[in-house]
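First the structure, in the form of structure tokens, and then the observations on it.
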Amino acid sequence: MIQLAIFHLSMTIAKREGGKRSLIAMASYRSGEKLYSELYEKTNLYNHRTVKPEAFILKPDYVPNEFLDRQTLWNKMELAEKSPNAQLCREVNVALPIELNNSDQRMLIEDFVKDNFVSEGMIADVAIHRDDENNPHAHIMLTMREVDSEGNILNKRKRIPKLDENGNQIFNEKGQRVTVSIKTNDWDRKSLVSEIRKDWADKVNQYLKDRNIDQQITEKSHAELGKKELPTIHEGFYSKKLEDKGVISELKRKNLEIQSYNDILAELDKLESQEKVLKQDQNFTLKFEKTFSPLEKGELKNLSKELKLFINDENIDKRLGELKRWENSLIFNNKMEIQKQRLMLSKISSERDMLTKANEILDKQAERFFKKSYPSLNIDKFSNHEVRAMVNETIFRKQLLNKDQLAEVIYNERVIEKEESKKIFKEKP
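Just so you know, we're using our numbering here: the sequence shown kicks off at 6 and counts up by one.
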């Protein structure tokens, strides 16, 4: 009997967000390479990983070779975007099949990227992460703009003549030619995600079949498959014996994670009945934006001023991580004077308290939005991070999410939390 292997593929668009996000920083974090940002005049280096990422760039043949240099590529792309809220790149995250060896994983991801992205004119920066041998995955950063054979960065839109039904040029009242603005490519077509999900599943299954591996994956949702739960792994005698001694084996830990995920899927089943109720309720309206009380707004403003930090989920988590690493470096520093050490630890404690307060306000806002948006779901089944992730995704899409979309948000959030928990003790303060 053919067993189902793990399928995960998601696509997001990275935005500049008023200068809070950098393509160079993203590329440096994913590749582990030291990169200098010309726009922000800052050097980025993230060398916290226990296993060096396997990073490489793939491009169309006609694009000059200078774009194979990571620093050159992303500086050119970053400088080409002028808007403070510009879309910087697309990113595809995909789980690699652990049934394949490292070499086959590399060949597989190259085939996938060339067929789906490079063939359409995109340049792809791929980073394979293998820190966790049970979770090899690839980050694929994709350019938003085309590059011609001369190395010019092309516009996302162009103007063409507006024609009448007979194909003749239309002129305005002043006798001037009328033009219309169109996109230079269809990379943002709605069907793209479903296309690449299917192709990834097809390619993985072919690789597994060619190597006589009795596994397969599917891009289809739980509903399409008629299944809602993930199968647990057979633990065996050895695992049970360890459990009797109070030791949690790796298989047992995996099964606990699977069971937790299955519990979430069972909870998300309630969405189906909720949708029927909302359709019948003509008075139901929802604003897809974050709302705070006047008191909360005042508190956030003061906290932002004290912390010298724009208050959002990403910045709070990043700063808490920095404080933890700073605290660790102080605790293990035997050469520092006790008085100075205590002063710094007190400063860390004070800043952490303010960040905790900011987190509490964001949690309250997310809780209010979640309860109004998804009244059939029990909020206690989810962590605060998961609730906020679901709320943020709902607001970003400006529509209520279905069961599969919420499940993917939760899966991504758990992967992120797992990686962050590892990183926090490995990065420099």
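For every residue, glycine included, the Cβ atom is placed at its ideal position computed from N, Cα and C.
Boundaries of the alpha helix (DSSP H) in which residue i is found, first to last residue
i: N80; result: R75 to A85
i: K310; result: P299 to L312
i: D395; result: The sequence given here places Met at residue 395; Asp does not occur at that position. M395 -> alpha helix (DSSP H) spans N389 to R402.
i: N364; result: I343 to S378
i: S33; result: L28 to S36
i: V209; result: L197 to D215
i: L335; result: D318 to I336
Beta-carbon proximity of residue i to residue j, cut-off 7 Å
i: V99; j: L14; result: yes
i: V198; j: M16; result: yes
i: C94; j: M146; result: yes
i: Y51; j: S33; result: yes
i: M5; j: L360; result: Any question about residue 5 goes unanswered here, given that the chain covers just 6 to 434.
i: L101; j: Q76; result: no
i: N177; j: V185; result: no
i: L314; j: N320; result: yes
i: V123; j: L63; result: yes
i: S154; j: Y67; result: yes
i: I366; j: E301; result: yes
i: N389; j: D358; result: no
i: L411; j: L273; result: yes
i: I5; j: F293; result: This structure does not reach residue 5, given that the chain is present from 6 up to 434, and the question cannot be answered.
i: A143; j: I103; result: no
Candidates the options: closest to residue i by CA position
i: L159; options: W331, S378, Q221 and K188; result: K188
i: L105; options: Q220, S196 and R26; result: Q220
i: N397; options: K295, K369 and S309; result: K295
i: D207; options: K179, A412 and F12; result: F12
i: N417; options: T55, N140, R26 and K340; result: N140
i: P380; options: F401, K25 and L406; result: L406
i: M31; options: V97, A412, P69 and I384; result: V97
i: R135; options: L213, A85, S36 and D204; result: S36
i: A60; options: P69, Q92 and N107; result: N107
i: D109; options: D120, S88 and I133; result: I133
i: S88; options: K20, I114, F401 and D74; result: K20
i: E304; options: D318, K352 and N364; result: N364
i: G156; options: P65, R324 and N389; result: P65
i: L43; options: L78, D368 and D358; result: At residue 43 the sequence reads Glu, which differs from the Leu that was named. It is L78 whose Cα lies nearest to the Cα of E43.
i: A371; options: S355, E356, A394 and L382; result: A394
i: S196; options: A129, E170 and N121; result: N121
i: D116; options: W205, A91, D169 and M149; result: W205
i: E22; options: Q92, H53 and P69; result: Q92
i: M149; options: E170, K323, M82 and E356; result: M82
i: E86; options: K161, S355 and E125; result: K161
With 16 other Cβ atoms within 10 Å as the buried cut-off, status of residue i
i: V392; result: buried
i: Q181; result: exposed
i: K310; result: exposed
i: V414; result: buried
i: F337; result: exposed
i: T48; result: exposed
i: I18; result: exposed
i: F374; result: buried
i: H239; result: Model confidence at H239 stands at a pLDDT of 42, short of 50, so the residue's coordinates are unreliable; what they give is reported in the following sentence. Result: exposed.
i: M341; result: exposed
i: K408; result: buried
i: T56; result: Sequence inspection shows Val at residue 56; the Thr mentioned does not correspond to that position. Answer is exposed; the Cβ neighbour count stays below 16.
i: Q287; result: A caution first: Q287 carries a pLDDT of 44, below 50, which makes its placement in the model too unreliable to give a value.
i: S244; result: Residue placement at S244 cannot be trusted, given a pLDDT of 44 that sits under 50; the coordinates are not used to answer.
i: E200; result: exposed
i: F289; result: With a pLDDT of only 47 at F289, under 50, the local geometry of the prediction cannot be trusted, and the value read off the model is given with reservation. Its Cβ having fewer than 16 others within 10 Å, F289 is exposed.
i: F387; result: buried
i: M112; result: exposed
i: I165; result: exposed
i: K25; result: exposed
i: N80; result: buried
i: P299; result: exposed
i: E71; result: exposed
i: I343; result: exposed
Terminal residues of the beta strand (DSSP E) in which residue i lies
i: D116; result: Per DSSP, D116 belongs to no beta strand (DSSP E); it is in the alpha helix (DSSP H), N107 to N121.
i: R194; result: First-last for R194: undefined, no H or E at that position.
i: L63; result: E59 to L63
i: L382; result: First-last for L382: undefined, no H or E at that position.
i: D130; result: A129 to H134
i: H144; result: H142 to T148
i: N98; result: Q92 to A100
i: I1; result: Lying outside 6 to 434, the shown extent of the chain, residue 1 is not represented and no answer is given.
i: S42; result: L40 to S42
i: R164; result: R162 to P166
i: T48; result: K47 to N49
Residue-level contact to chain B via CB, residue i, 7 Å cutoff
i: F315; result: The structure shown contains no chain B; it holds only a single protein chain.
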